[in-house]
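Q: Chains as they are written, first to last, in our numbering: chain G, 66 to 499; chain V, 66 to 499.
Mind having a look at this structure? Questions to follow.
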């Protein structure tokens, strides 16, 4: 499936000069990609400055690696046949109105044509795909509405375009790196199992986020999933009876029973979540791989207590500091600081206190959870930078920050794994404590 | 306790001209308050332009309504005695280093003096207090670090300064109104029961957020709490054994057992939460009071499904739309739109579709949950404004928005109750479905 994300020759069926049209937005997003791009439009000679063709059959190439179809449903079959004749390898069908709108026949037609011509199809009814590493970007959302994240190693497959889009947007805001994002819609051909199988082999993917409304072929899914070695964070939607009914009118899929998924996903070692937010919150901690025990350093006593409660309830081991370490800490830190775990540096903590607390404990600590509340008076930007610089220069690898909404939260996110709330953090840590 | 929040005469012990000092920050925050302010400083004749006094005894007033003490612990007792002689009614002791740092005697001294002179004391070891309606602001965080929310009817009592501060800051960011915020620290005198009792009577408070590490007097708490008619969202910290140990070194309190609190709070009809975030998320929905059933309108099919799942799992009733309503919706909305509940307006929805969906259902709907994902292509700022204007002009009162991080989320928050994630929203709605 590598060529799906690294095509050399691309055709955009429905490329448009009209602002706001899907075929216009995709065209703009594709212009930055380093490959040959052929806009197809029956009425225009040029689209956004590039020569346009009336049919893909007119394109001066022997073969198309990737075609994107963004035209009304009625014309999709004809286009797909032409793409078949042009030996197209992959096709993303953005167009909607198929199974999800009750038009089973139109969807079956797509399947038949794809099979006949051996075109591998993503969609129909998809938002498109995005590969931050290769630069391929054919999602139909403009970059001012849907920000693009920096390159990273989390990949997302999402049956729903908007669910995927909100996670991608949030990743950009929070400086979490993305590898690939595939909105796979009705999964007429390429489905969740195909994508998981591919991502398992993909060098650029280390963690997988999956939003799935329908598992097409349970047996295949099970066989693919049990071979996965990469962490998968999985949200199965349509767990309730009424939720299943909504799935029918969204991607036309039949959703499965709650208990069945609970059991199977557990057996497969897949992390099931029930909240869109946790798809990302549980994926972003995966680079730390394993956590043995945790030492908390905080400038907010209350947050230290809540974190302790939450870590205990999630059975995360808290480091016991030796008497010697504690007595050193007492010597180096001002009166009033609590030198147990949590180490409570108090509300007037500055960078110096954080650094001393780490310096004096680092030999006995596996993973730090550093609470840095930016609402306190002594932590100005310079102080926070000092802490960041110290951590980057030191050999300390396993650091997680807790920083509840402040102007420093984004600064920390550029460099570290950051959570905003104690119980999400505790649940995420639990995942790595097996 | 009304005078604590509306004092006419205020003395600030430890008022300072030095930027960054606690007594300087509080002084600045108090300058805007409409009352007589007397800075006390043994070395200066003026503080921030106001005549300063060496002792509160020199102040040309017969009585002090509120004194704020922000000087080192060693000098607190002496100041408190002088305040007693000056017939001070209320005193907020910001100074730390008392019970929470192991100095039981210093704390007992404070109690004795307060009792002897009938001064009611908040603290020691507190961040101060804030009343957005009266304008009283003596918390020691500057406004650029800790934003102040607009006036509203949620009041917060927090034993931890930083926990309270992060919620207050978040309320400002999210345009949720605040009435009073009291950081009550070690609760040497005024404790959680006193504050709950007062807030129950307070006209400006409709919902109470409470973060409590220690319930001082269980029997009193039970008696006060059972008389509460206002909704209380309560986080009891120090539920686990290790969490309790951290409480000892934070506010010097003894925390209670998890199971005990579970049972008692349930019996008292108090909503217990385990996450700081949910203190606010569950408080901000309270103005809707009761929810019978819910109709979802969405521009993201996936979010519609997840919401349906979450509402079903939380036993929230979903409105069943009549065949007549559905057939009207079908006539008015484009092909592909799903007219069940959720009403799925599809990713290219504009204001017109939202308004038609509401117009055609409003007579059969109790509460709307409107999913508005700003990452979609047709919802520009003008369209979102159209929806907001329509809702404000119409008679529709019960509307909750779901809007996952986008540039419109804050716009909506200025006017409506907004959630960012489906399961928090579903859990919050459940609270009002009793």
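Glycine included, C-beta positions come from ideal geometry on N, C-alpha and C.
#1: Verify the CB distance criterion: does residue 483 of chain V have a CB-CB separation below 8 Å to chain G?
#2: Name, please, each residue of chain G whose Cβ falls closer than 8 Å to the Cβ of residue 442 of chain V.
#3: In three-state DSSP terms, what is residue 223 of chain V?
#4: Please report the straight-line C-alpha distance between residue 380 of chain G and residue 323 of chain V, rounded to a whole angstrom.
#5: Quick check: the region 169 to 184 of chain G against the region 83 to 94 of chain G, are there 3 or more CB pairs under 8 Å?
#6: Residues of chain V with a CB under 9 Å from the CB of residue 480 of chain G: which are they?
#7: Apart from the five residues on each side of it in sequence, which residues of its chain come closer than 6 Å, Cβ to Cβ, to residue 236 of chain G?
#8: Starting from residue 438 of chain G, find everything on chain V with Cβ-Cβ shorter than 8 Å and list it in chain order.
#9: With 16 other CB atoms within 10 Å as the buried threshold, where does residue 257 of chain V fall?
#10: With three or more beta-carbon pairs closer than 8 Å as the criterion, would you say the region 109 to 116 of chain V touches the region 132 to 142 of chain V?
#11: Going by CA-CA distance only, name the one from G:459, G:468 and G:393 that's closest to residue 368 of chain G.
#12: What residues from chain V crowd round residue 312 of chain G, counting only those whose CB sits closer than 8 Å?
#13: Decide if the region 258 to 270 of chain G is in contact with the region 385 to 403 of chain V; the criterion is three or more beta carbon pairs, one per stretch, under 8 Å apart.
#14: Nearest chain G C-beta to residue 466 of chain V closer than 8 Å, yes or no?
#15: Using the Cβ count rule (16 or more neighbours within 10 Å means buried), how would you classify residue 457 of chain V?
#16: Given a cut-off of 8 Å, decide if residue 158 of chain G and residue 302 of chain V are closer than it, judged by their beta-carbon atoms.
#17: From the beta carbon of residue 385 of chain G, is the nearest beta carbon of chain V less than 8 Å away?
#18: Cutting at 6 Å between CB atoms, please list the residues of its own chain near residue 304 of chain V, excluding the five before and the five after it.
#19: Kindly indicate which residue of V:418, V:352 and V:376 has the alpha-carbon position closest to the one of residue 14 of chain V.
#20: If you reduce the DSSP assignment to three classes, tell me which class residue 383 of chain V lands in.
#21: Does the CB of residue 342 of chain G have a neighbour CB from chain V at under 8 Å?
#22: Tell me whether residue 481 of chain G sits in a helix, a strand or coil according to DSSP, three-state version.
#23: Taking the alpha carbon of residue 188 of chain V as the point to measure from, which residue in V:148, V:250 and V:231 has its own alpha carbon closest?
#24: Taking the continuous alpha helix (DSSP H) assigned at residue 132 of chain G, which residues delimit it?
#25: Could you tell me the distance, in whole angstroms, from the CA atom of residue 139 of chain G to the CA atom of residue 146 of chain G?
#26: Determine whether the Cβ of residue 475 of chain V lies closer than 8 Å to any Cβ atom of chain G.
#27: Please report the distance separating the alpha-carbon of residue 294 of chain V from that of residue 426 of chain V.
#28: Quick check: residue 409 of chain V and residue 160 of chain G, are their CB atoms within less than 8 Å of each other?
#29: Against chain V, with Cβ distances strictly below 8 Å, would residue 470 of chain G count as a contact?
#30: According to the neighbour-count rule (16 or more other Cβ atoms, all chains shown, within 10 Å of its Cβ), is residue 325 of chain V buried or exposed?
#31: Of the residues G:439, G:357, G:420 and G:341, which one's Cα is nearest the Cα of residue 489 of chain G?
#32: In whole angstroms, what separates the C-alpha of residue 129 of chain G from that of residue 246 of chain G?
#33: Does the Cβ-Cβ distance between residue 308 of chain G and residue 374 of chain V come in under 8 Å?
#34: Tell me residue 457 of chain G's beta-bridge partners as DSSP assigns them.
A: Per the coordinate set shown:
#1: Reading the second chain from its first residue, position 418 is the one you call residue 483 of chain V. With 8 Å as the cut-off, residue 483 of chain V does not count as an interface residue toward chain G.
#2: For the purposes of this step, residue 442 of chain V is identified with residue 377 of the second chain, where counting begins at 1. Correct list: 85, 87, 90, 205, 206, 207 and 210.
#3: Residue numbering aside, residue 223 of chain V sits at position 158 when the second chain is read from its first letter. Three-state result, residue 223 of chain V: strand.
#4: Numbered from 1 along the first chain, position 315 holds the residue referred to as residue 380 of chain G. Numbered from 1 along the second chain, position 258 holds the residue referred to as residue 323 of chain V. Taking the straight line from one Cα to the other gives about 15 Å.
#5: no
#6: Residue 480 of chain G sits at position 415 when you count from the first residue of the first chain. What residue 480 of chain G touches in chain V: nothing, since even the nearest Cβ is about 21 Å away.
#7: Your numbering for residue 236 of chain G matches position 171 in the first chain. Excluding positions up to five away in sequence, the list reads 214 and 243.
#8: Mapped onto the first chain, residue 438 of chain G falls at position 373. Near residue 438 of chain G (Cβ distances below 8 Å), the residues of chain V are 227, 230 and 231.
#9: As a first step, residue 257 of chain V is located in the second chain; it is residue number 192 there, counting from the start. It counts as buried.
#10: no
#11: Within the first chain, the letter at position 303 stands for residue 368 of chain G. Ranking G:459, G:468 and G:393 by Cα distance to residue 368 of chain G puts G:468 first.
#12: Numbered from 1 along the first chain, position 247 holds the residue referred to as residue 312 of chain G. Ordered by position in chain V, the residues that pass the 8 Å Cβ test against residue 312 of chain G are 370.
#13: no
#14: One-based indexing of the second chain puts residue 466 of chain V at position 401. No, residue 466 of chain V lies away from the interface with chain G (no Cβ there is under 8 Å from its Cβ).
#15: Numbered from its first residue, the second chain carries residue 457 of chain V at position 392. Classification for residue 457 of chain V: exposed.
#16: Position 237 of the second chain, counted from the first residue, corresponds to residue 302 of chain V. Position 93 of the first chain, counted from the first residue, corresponds to residue 158 of chain G. Cβ distance not < 8 Å, so residue 302 of chain V and residue 158 of chain G don't count as in contact.
#17: Here residue 385 of chain G corresponds to residue number 320 of the first chain, with the count starting at 1. Not closer than 8 Å to any Cβ of chain V, the Cβ of residue 385 of chain G fails to qualify, so no.
#18: Numbered from its first residue, the second chain carries residue 304 of chain V at position 239. Counting only Cβ-Cβ distances below 6 Å, and skipping sequence neighbours, we find 323.
#19: Beyond the ends of chain V as shown, which are 66 and 499, falls residue 14 of chain V; an answer cannot be given.
#20: As a working mapping, residue 383 of chain V is identified with position 318 in the second chain. Three-state DSSP puts residue 383 of chain V in a strand.
#21: Your numbering for residue 342 of chain G matches position 277 in the first chain. Closer than 8 Å to some Cβ of chain V, the Cβ of residue 342 of chain G qualifies, so yes.
#22: Translated into the one-based positions of the first chain, residue 481 of chain G becomes position 416. Three-state DSSP puts residue 481 of chain G in coil, outside helix and strand.
#23: Position 123 of the second chain, counted from the start, is the residue given in the question as residue 188 of chain V. When only C-alpha atoms are compared, the closest one is V:250.
#24: Working through the first chain from its first residue, we reach residue 132 of chain G at position 67. Run containing residue 132 of chain G: none in the alpha helix (DSSP H); it sits in the beta strand (DSSP E), 131 to 134.
#25: Here residue 139 of chain G refers to the residue found at position 74 of the first chain. Here residue 146 of chain G refers to the residue found at position 81 of the first chain. Those two C-alpha atoms are separated by around 13 Å.
#26: Translated into the one-based positions of the second chain, residue 475 of chain V becomes position 410. No, residue 475 of chain V does not count as interfacial toward chain G.
#27: Counting from 1 along the second chain, the entry for residue 294 of chain V is found at position 229. Counting from 1 along the second chain, the entry for residue 426 of chain V is found at position 361. Computed Cα separation, rounded: 34 Å.
#28: Here residue 409 of chain V refers to the residue found at position 344 of the second chain. Here residue 160 of chain G refers to the residue found at position 95 of the first chain. The answer is no: Cβ separation not under 8 Å.
#29: Along the first chain, one-based indexing puts residue 470 of chain G at 405. It does; some Cβ of chain V falls within 8 Å.
#30: Looking up residue 325 of chain V in the second chain gives position 260. By the 10 Å Cβ count, residue 325 of chain V comes out exposed.
#31: Against the first chain, residue 489 of chain G aligns to sequence position 424. Residue 489 of chain G has its Cα closest to that of G:341, out of G:439, G:357, G:420 and G:341.
#32: Position 64 of the first chain, counted from the first residue, corresponds to residue 129 of chain G. Position 181 of the first chain, counted from the first residue, corresponds to residue 246 of chain G. Their Cα atoms are separated by approximately 22 Å.
#33: The sequence position of residue 308 of chain G within the first chain is 243, counting from 1. The sequence position of residue 374 of chain V within the second chain is 309, counting from 1. Contact flag set, yes.
#34: Along the first chain, read from residue 1 onward, the residue named residue 457 of chain G stands at position 392. Note: residue 457 of chain G sits in no beta bridge, so no partner.
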